[in-house]
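Have a look at the structure below, then the notes.
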Amino acid sequence: MPRIRVIDLETDDDAIVEIGYTDLVATGTDLLGDPTLWEVEEGLSFLVNPGRPISPDSSGVHNITDDDVAGAGSWTEAAELVFHDNLAPDIVAFAAHSVEHEQNMIDPVWTEGKPWVCTFKGAVRLWPEAPSHSNNALRYFRRPAGLDRRLAQPIHRAKPDSYITAFTLRDLLDEASLADLVKWTGEPALLPRCKIGDYRNGGKGTPWADVETSMLEWIIRKMSGDPSRENDVHTARHHLEQREIDQRLEYERIEHERQLRENGMAEPAGNPLVDHANQESLSL
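In UniProt numbering, the protein residues as written are 1 to 284.
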């Protein structure tokens, strides 16, 4: 059965001290033969000895100490257990929340060219109304069915965090295809709110739909080429293009109604293009 392996890492700077995963398994297929009916399995985690002391700052986040990893295996040993187990042939993709972190830490040789899914990028696109798109905040915003709170604790440990992410991914797959999620992962994030200049709104930001067109054009013009602003530029360009499409459709609607009036035909209710086409087919 096809499975997506959701990965989470706990780190100390550039060293991995724990890796955990939770699998999402497809139990059915849709009419096109694509995997569907995804179910979350219980995960696993492995401590990793980084070969050097763990900094107090890092331990303060995940509570993993030198004593915890003293008898743990190396990264290579842990990676073999995660990426080369007997279920590895069924893996069709890997996933993580804010996937850049995992991609930067894990050599692509381990994932063998299989695609990644970023649940953060999927969530900001499909659920822009969420007050926060952090991994744990999405859990309480979505309240996914079937999530066991005991398995979701403690936070900032690899297995519980991957377990939470797996439920976010399951819900994303109810609204989008795996292909779409992979595509969005390869693009900058489509941000839900603008937090630039007068649109900061006390740090809460302003929905991009409420940002003036002149501001969208300014962001594209001034911030293009700045890697730290690629998400803002991508989002501004998306909304600007959408407005141009909406304007074009509105113009076409008005022009169609004008032509109907000139031909002495009544303006159809609803969508004039669709309804007029239906009228023509009935007259035949």
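Note that beta-carbon positions come from the ideal geometry of N, C-alpha and C, so glycine has one too.
> Should the segment 226-245 be regarded as contacting the segment 179-197, the criterion being three or more beta carbon pairs within less than 8 Å?
Replying inline: yes
>> According to DSSP, is R253 part of a helix, a strand, or is it coil?
In response: helix
> On the three-state DSSP scale, how would you describe S45?
Replying inline: strand
> Apart from the five residues on each side of it in sequence, which residues of its chain come closer than 6 Å, Cβ to Cβ, to Q153?
Replying inline: P160
>> Buried or exposed, going by whether 16 or more other CB atoms sit within 10 Å of the CB of Y251?
In response: exposed
> Taking the alpha-carbon positions, what's the H156 to H62 distance?
Replying inline: 5 Å
> Any idea if R3 is buried or exposed, counting beta-carbon neighbours within 10 angstroms, 16 or more meaning buried?
Replying inline: buried
>> Short of 6 Å in beta carbon distance, which residues of its chain neighbour S224, apart from the five on each side in sequence? Order them along the chain.
In response: V233
> In its own chain, which residues sit with a C-beta less than 8 Å from the C-beta of M105, not counting the 5 before and 5 after it?
Replying inline: L9, T11, D14, I16
>> For W75 and E217, what's the separation of their Cα atoms in angstroms?
In response: 47 Å
>> Can you find the residues in the same chain that come closer than 7 Å, C-beta to C-beta, to W110, ignoring five residues on each side of it along the sequence?
In response: A79, F83
>> Mapping the DSSP letters down to three states, classify R193 as helix, strand or coil.
In response: strand
>> On the DSSP letters alone, give me the boundaries of the beta strand (DSSP E) that W75 sits inside.
In response: Careful: W75 lies outside any beta strand (DSSP E), inside the alpha helix (DSSP H) at 75-83.
> How would you label N49, buried or exposed, when you count the other beta carbons within 10 angstroms and need 16 or more for buried?
Replying inline: buried
> For the alpha helix (DSSP H) that Y163 lies in, which residues bound it at each end?
Replying inline: 158-173
>> So, under 8 Å CB-CB, S162 and I64 are touching, yes? Tell me the CB distance rounded to an integer number of Å.
In response: Rounded, the Cβ-Cβ distance is 15 Å, inconsistent with contact.
> So what's L260 in DSSP terms, helix, strand or just coil?
Replying inline: helix
> Three or more C-beta pairs closer than 8 Å, one from the segment 31-43 and one from the segment 193-209: is that the case here?
Replying inline: no
> For W208, does the three-state DSSP call read helix, strand or coil?
Replying inline: helix
> In its own chain, which residues sit with a C-beta less than 7 Å from the C-beta of T29, not counting the 5 before and 5 after it?
Replying inline: P35, T36
>> For the beta strand (DSSP E) containing V6, name the first residue and the last one.
In response: 3-12
>> Under DSSP, the beta strand (DSSP E) around E187 begins and ends at which residues?
In response: E187 -> no beta strand (DSSP E), and no H or E assigned at all.
>> Given this structure, state the Cα-to-Cα distance separating I91 from T22, to the nearest angstrom.
In response: 12 Å
> What's the C-alpha gap between C118 and L178?
Replying inline: 11 Å
>> Could you tell me the alpha carbon to alpha carbon distance between Q103 and E212, rounded to whole angstroms?
In response: 36 Å
>> Relative to the C-alpha of W184, which candidate in A70, G20, P53, F120 has its C-alpha closest?
In response: F120
> Going along the chain, which residues of its own chain have a beta-carbon closer than 7 Å to the beta-carbon of L169, five neighbours each way excluded?
Replying inline: I4, V6, L24, A95, V117, T119
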